[in-house]
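Position in the sequence shown counted from 1, then plus 716, gives you my numbering. Built from N, CA and C at the ideal position, the CB exists for glycine as well. First the structure, in the form of structure tokens, and then the observations on it.
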Amino acid sequence: MAKNILMVIAPENFRDEELNHPREEFLAKGADITIASTQKGVAAGMLGHKENVDNTLEDVAGKTFDAVVIVGGRGSPTHLWDNALLHDIVRRHLELGKLVCSICLSGAVLAKAGILKGVDATVWKEEDSLKVFSECGAHFIDKPVVVSGNIITGRGPFAAREFGQTIISELVN
Numbered sequence: 717m718a719k720n721i722l723m724v725i726a727p728e729n730f731r732d733e734e735l736n737h738p739r740e741e742f743l744a745k746g747a748d749i750t751i752a753s754t755q756k757g758v759a760a761g762m763l764g765h766k767e768n769v770d771n772t773l774e775d776v777a778g779k780t781f782d783a784v785v786i787v788g789g790r791g792s793p794t795h796l797w798d799n800a801l802l803h804d805i806v807r808r809h810l811e812l813g814k815l816v817c818s819i820c821l822s823g824a825v826l827a828k829a830g831i832l833k834g835v836d837a838t839v840w841k842e843e844d845s846l847k848v849f850s851e852c853g854a855h856f857i858d859k860p861v862v863v864s865g866n867i868i869t870g871r872g873p874f875a876a877r878e879f880g881q882t883i884i885s886e887l888v889n
């Protein structure tokens, strides 16, 4: 049975590998992937990748996926960290027992959604993201990928492939 995965990217400055490497892992296992952002159109990655986005967060808010994967990059703090609809999507999927995943700076989305209080997780190590983790009660773990129940977090672009493989492994189990 094919798994249905939502990948959320910022409309600009998402991290290319954090979209592409996990997506390659998902497609290799036959997953169906939906890409969404805060707006439709062409989203630009930090390293030059262009991604056509056909779905806004509003378009996917009422749908249920086996996993929600939030891609990081410099655009995440501006476009995703404080997005109330994305917070709702994340909380609803966790309540439904689905996987909720983030990589790099987007770990702060999960923290701000209120689902990392007392939870082991990782995030890109920089002042603002670590401050959000601290303020929201997340337990920062300095590892490439951290699995805490149905929450999977990855530290950054160098961990993107392992992050994708871990998500697939958890979906299969």
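Please classify A718 as buried or exposed, where buried requires at least 16 neighbouring CB atoms within 10 angstroms. Looking up residue 718 in the sequence shown gives position 2. Label assigned to A718: exposed.
8 Å CB neighbourhood of F781 in its chain, flanking five on each side removed: As a working note, residue 781 is residue 65 in the sequence shown. Around F781: N720, I721, L722, T750, H809 and K814.
DSSP beta-bridge partners for G853? Stepping through the sequence shown from its first residue, residue 853 is reached at position 137. Its beta-bridge partners do not exist; DSSP assigns none.
Look at the alpha carbon of G764 and the alpha carbon of A854, and state the distance between them as a whole number of angstroms. Within the sequence shown, residue 764 is the residue found at index 48, counting from 1. Within the sequence shown, residue 854 is the residue found at index 138, counting from 1. Their Cα atoms are separated by approximately 32 Å.
Would V769 pass as a contact of G757 if the rule is Cβ separation under 8 Å? Residue mapping note: residue 769 aligns to position 53 of the sequence shown, counting from 1. Residue mapping note: residue 757 aligns to position 41 of the sequence shown, counting from 1. Yes, the Cβ-Cβ distance between V769 and G757 is below 8 Å.
From T882 to V848, what distance separates their C-alpha atoms? The residue given as residue 882 occupies position 166 in the sequence shown. The residue given as residue 848 occupies position 132 in the sequence shown. Distance between the alpha carbons of T882 and V848 is about 24 Å.
Using a Cβ-Cβ cutoff of less than 6 Å, which residues in the same chain neighbour T869 once the five nearest sequence positions on both sides are dropped? Start at 1 with the first residue of the sequence shown, and residue 869 comes out as number 153. Excluding positions up to five away in sequence, the list reads S818, G823, A837, T838 and V862.
A744 in three-state terms, based on DSSP: Stepping through the sequence shown from its first residue, residue 744 is reached at position 28. Helix.
Under the DSSP definition of a beta bridge, which residues are partnered with I786? In the sequence shown, counting from the first residue as 1, residue 786 sits at position 70. I786 pairs with V724 and S818.
Taking only the alpha-carbon atoms, compute the straight-line gap between G880 and G791 and give it to the nearest angstrom. By one-based count along the sequence shown, residue 880 stands at place 164. By one-based count along the sequence shown, residue 791 stands at place 75. The alpha-carbon atoms of G880 and G791 are separated by roughly 20 Å.
Compute the minimum distance between the beta carbon of K814 and the heavy atoms of the ligand ATP, and state whether it is under 7 Å. As for the ligand ATP, it is missing from this structure, which has no ligand bound.
Assuming V835 contacts V787 (C-beta within less than 8 Å), just tell me the rounded distance between them. On the sequence shown, position 119 is the one that residue 835 refers to. On the sequence shown, position 71 is the one that residue 787 refers to. That pair is no contact at about 20 Å.
Span of the beta strand (DSSP E), counted from its first residue to its last, around T780: To locate residue 780, count along the sequence shown from 1; it is residue 64. Note, T780: premise wrong, no beta strand (DSSP E); not H, not E.
Cutting at 6 Å between CB atoms, please list the residues of its own chain near E767, excluding the five before and the five after it. To locate residue 767, count along the sequence shown from 1; it is residue 51. A759, listed in sequence order.
So, helix, strand or coil for A760, using DSSP? On the sequence shown, position 44 is the one that residue 760 refers to. Of the three classes helix, strand and coil, the one that applies to A760 here is strand, per DSSP.
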